[in-house]
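Undergrad: Counting in my numbering, the final residue of the sequence shown is number 288, and the numbers go up one at a time with none missing. Here a beta-carbon is modelled for each residue, glycine too, at the ideal position from N, C-alpha and C. One structure is given below, represented as structure tokens, and several questions about it will come after.
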Amino acid sequence: MYIGPQLSEFIGNCRIVEDEFALKALLCDITPSIGCEQFALVSHVDLVGPPREATIIMNYHEGWVERSLLSNYYIDDPVHAASTRTVTAFLWSLIPSMISLTQRQLRILDEARPFGLVEGLTVPVHSPGEYRGTCSFGGRGPIELTAQLLGAVQVIGMFAFEAARRIQCKRWGLATGNDRVPTLTPRQLDCIALVACGKTDREIGIILELSHHTVRDYVEDAMRRYDVFKRTELVARCLFDGQICYRSFCRS
37 MYIGPQLSEF IGNCRIVEDE FALKALLCDI TPSIGCEQFA LVSHVDLVGP
87 PREATIIMNY HEGWVERSLL SNYYIDDPVH AASTRTVTAF LWSLIPSMIS
137 LTQRQLRILD EARPFGLVEG LTVPVHSPGE YRGTCSFGGR GPIELTAQLL
187 GAVQVIGMFA FEAARRIQCK RWGLATGNDR VPTLTPRQLD CIALVACGKT
237 DREIGIILEL SHHTVRDYVE DAMRRYDVFK RTELVARCLF DGQICYRSFC
287 RS
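What follows is the structure, given as structure tokens:
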């Protein structure tokens, strides 16, 4: 397997870049090779009043950015909505086949076109315990999504977002990776998934063939590790951190 010199250089630079300005310059340099002119590397947050640790790096047309913020388009962004349905890069023209678009979302796509965002590619970024994000590239012309381009865009998006994440964590002294998420045992996670289903300790004990005292101890220990005082908060934190997922409830 071979990665070309331009992509290799981009990856290497992403690993050492120190600030958003340098990262933006890297994205400005690599974007034309994708066949696009504009890009947006963003966390899915309130863009009018974003959290300090959120990532917002883009060169979208100022007129479109202003319109998006004034109209709160980021709340209903169809690209962001579609990004929750996949983990690989996708063409904007395929969004109607990925989600059911509202009239407002159709209007957003139409109004973006005069600003040079006719077609594009978006790479979803899902990191447990952090904001969802995307790395998008847009342009005026059609894009032929070859296997080579799909792979290149996926790599660019992932390394760019990881670089932005590293910069923000360093700036604000945030924990990363395993430092942030408490370690829970498989049995604790089984119990928490059943708590999320509304089961009592006795019911969980019957399902898992444990005593209700053991179930209570598992759950209370998990609460201590998360430093929370309510079971609902424990479930929410475990969902947010990716320790359990909604499919866990179905299996339970």
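Would you mind listing the beta strand (DSSP E) stretches within the region 134 to 190 that are 3+ residues and don't spill past its ends, in chain order?
TA: Here the runs fully enclosed are 155 to 161 and 169 to 175.
Undergrad: Answer yes or no: do I179 and G71 have a C-beta to C-beta separation smaller than 8 Å?
TA: Here residue 179 refers to the residue found at position 143 when the sequence shown is read from its first residue. Here residue 71 refers to the residue found at position 35 when the sequence shown is read from its first residue. Taking 8 Å as the Cβ cut-off, I179 and G71 qualify as a contacting pair.
Undergrad: Within the same chain, show all residues whose beta-carbon is closer than 6 Å to that of L153, passing over the 5 residues directly before and after it, in chain order.
TA: The residue given as residue 153 occupies position 117 in the sequence shown. Only G174 meet the Cβ criterion.
Undergrad: In three-state DSSP terms, what is L210?
TA: Residue mapping note: residue 210 aligns to position 174 of the sequence shown, counting from 1. In the structure shown, L210 sits in coil (DSSP, three-state: anything other than H, G, I, E or B).
Undergrad: Would you call the CB atoms of I144 and Y109 closer than 8 Å?
TA: Indexing the sequence shown from 1 puts residue 144 at position 108. Indexing the sequence shown from 1 puts residue 109 at position 73. In this structure, Y109 lies closer than 8 Å to I144 by Cβ.
Undergrad: Roughly how many angstroms separate the alpha carbons of T268 and A232, rounded to a whole number?
TA: Numbered from 1 along the sequence shown, position 232 holds the residue referred to as residue 268. Numbered from 1 along the sequence shown, position 196 holds the residue referred to as residue 232. Whole-angstrom Cα-Cα distance: 8 Å.
Undergrad: Do you know offhand how far Q279's Cα is from S44's?
TA: The count along the sequence shown starts at 1 and reaches residue 279 at position 243. The count along the sequence shown starts at 1 and reaches residue 44 at position 8. Approximately 33 Å between the Cα atoms of the pair.
Undergrad: Mind checking whether T124 and Q190 have CB atoms under 8 Å apart?
TA: Within the sequence shown, numbered from 1, the residue matching residue 124 stands at position 88. Within the sequence shown, numbered from 1, the residue matching residue 190 stands at position 154. Contact: yes.
Undergrad: In three-state DSSP terms, what is I280?
TA: For this step, residue 280 is matched to residue 244 along the sequence shown. It is coil, neither helix nor strand.
Undergrad: What first and last residue would you give for the alpha helix (DSSP H) that runs through L129?
TA: Numbered from its first residue, the sequence shown carries residue 129 at position 93. This sequence places Ser at residue 129; Leu is not what is there. S129 -> no alpha helix (DSSP H), and no H or E assigned at all.
Undergrad: For R273, count the other beta carbons within 10 Å of its own beta carbon; 16 or more makes it buried, fewer makes it exposed. Which is it?
TA: Stepping through the sequence shown from its first residue, residue 273 is reached at position 237. Buried.
Undergrad: Could you name each continuous beta strand (DSSP E) segment of 3 residues or more that falls completely within the region 84 to 131, going from the start of the chain to the end?
TA: Qualifying beta strand (DSSP E) stretches, in chain order: 92 to 94.
Undergrad: Closer than 6 Å by C-beta to M37: which residues in its own chain qualify, once you throw out the five before and the five after it? Chain order, please.
TA: In the sequence shown, the residue the question calls residue 37 occupies position 1. Below a pLDDT of 50, predicted positions are generally treated as unreliable, and M37, at 44, falls in that range; no measurement from the model is reported.
Undergrad: Among the residues of its own chain, which have a CB less than 8 Å from the CB of G177, if the five just before and after it don't count?
TA: Taking the first residue of the sequence shown as position 1, residue 177 is located at position 141. The answer, listed in chain order, is G71, V154 and E155.
Undergrad: Identify which residue in R216, Q224 and I240 has its Cα closest to the Cα of F276.
TA: Within the sequence shown, numbered from 1, the residue matching residue 276 stands at position 240. Taking only the C-alpha atoms, the option nearest F276 is R216.
Undergrad: Flag this pair as touching only if the region 190 to 202 and the region 57 to 76 have three or more C-beta atom pairs under 8 Å; answer yes or no.
TA: Yes: at least three Cβ pairs fall under 8 Å.
Undergrad: If distances are taken between C-alpha atoms only, which option among W208, T250 and R207 comes closest to I228?
TA: Taking the sequence shown and counting its residues from 1, the one referred to as residue 228 is at position 192. Comparing Cα-Cα distances from I228 to each of W208, T250 and R207, the minimum goes to T250.
Undergrad: Excluding the 5 residues flanking V101 on each side, which residues of the same chain have their C-beta closer than 7 Å to its C-beta?
TA: Sequence index remark: in the sequence shown, residue 101 carries index 65 (1-based). Nothing meets the Cβ criterion.
Undergrad: From P218 to V53, what does the alpha carbon distance come to, in whole angstroms?
TA: Taking the first residue of the sequence shown as 1, we reach residue 218 at position 182. Taking the first residue of the sequence shown as 1, we reach residue 53 at position 17. Their backbone Cα atoms lie some 29 Å apart in a straight line.
Undergrad: Of all the options F46, C171 and T236, which has the alpha carbon lying nearest to the alpha carbon of I92?
TA: Translated into positions along the sequence shown, residue 92 becomes position 56. For the residues F46, C171 and T236, the minimum Cα distance to I92 belongs to C171.
Undergrad: Quick one, are the C-beta atoms of R252 and D263 less than 8 Å apart?
TA: Residue 252 sits at position 216 when you count from the first residue of the sequence shown. Residue 263 sits at position 227 when you count from the first residue of the sequence shown. Not a contact, by the Cβ cut-off of 8 Å.
Undergrad: Taking K235 as the reference, give the member of V255, L185 and P222 with the closest Cα.
TA: Here residue 235 is taken as the residue at index 199 of the sequence shown, counted from 1. Closest by alpha carbon: V255.
Undergrad: Just mark T126 as buried or exposed, buried being the case when its beta carbon has 16 or more other beta carbons within 10 Å.
TA: Here residue 126 refers to the residue found at position 90 of the sequence shown. Per the sequence shown, the amino acid found at residue 126 is Phe instead of Thr. Looking at its Cβ environment, which holds 16 or more other Cβ atoms inside 10 Å, F126 is buried.
Undergrad: Go through its chain and collect everything with a Cβ distance to G160's Cβ below 7 Å, but skip five positions before and after it.
TA: Taking the sequence shown and counting its residues from 1, one reaches residue 160 at position 124. Correcting the residue type first, residue 160 is Pro in the shown sequence and not Gly. Correct list, in chain order: S119, T122, V123 and T170.
Undergrad: By Cβ distance below 8 Å, which residues in the same chain neighbour L244 in space, the five residues on each side in sequence not counted?
TA: The residue given as residue 244 occupies position 208 in the sequence shown. Result list for L244: R223, D226, C227, L230 and V251, in chain order.
Undergrad: When the Cα of R51 is compared with those of I240, M194, R260 and L270, which residue comes out closest?
TA: Position 15 of the sequence shown holds residue 51. That would be M194, whose Cα lies nearest to the Cα of R51.
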